[in-house]
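Residue numbers (UniProt numbering): 1 to 64.
Put into structure tokens, the structure is as follows:
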């Protein structure tokens, strides 16, 4: 049994939510997420985290 059973992933190759047994290779997906809705917002979450990390980096280096 796979560890992704019952979990949801966002496929960056096909721009869709995927679950087993219809999963693209791991290099093409983000997750796992607890729900299909959470997975469908994966790219928004990635953007939010990137912005937060970039802001923290800027504070750390004294750029802000």
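Quick reminder that beta carbons are idealized off the backbone N, C-alpha and C, glycines included.
Mark residue 58 as exposed unless 16 or more other C-beta atoms lie within 10 angstroms of its C-beta, in which case mark it buried. A residue is called buried once 16 or more other Cβ atoms fall within 10 Å of its Cβ, and residue 58, having fewer, is exposed.
DSSP state of residue 13 mapped onto helix, strand, coil: Three-state result, residue 13: coil.
Looking at the strands, I want to know which residues DSSP matches up with residue 29. DSSP lists 11 as partners of residue 29.
Residue 45 to residue 23, Cα distance in whole Å? Each residue's Cα considered, the two are about 21 angstroms apart.
Counting only the same chain and skipping the five closest in sequence on each side, list residues whose C-beta sits under 8 angstroms from that of residue 33. In chain order, 7, 8, 9, 10, 39, 42 place their CB closer than 8 angstroms to the CB of residue 33, counting only its own chain and leaving out the 5 sequence neighbours on each side.
For residue 63, three-class secondary structure by DSSP: In this structure, residue 63 counts as coil in the three-state DSSP scheme.
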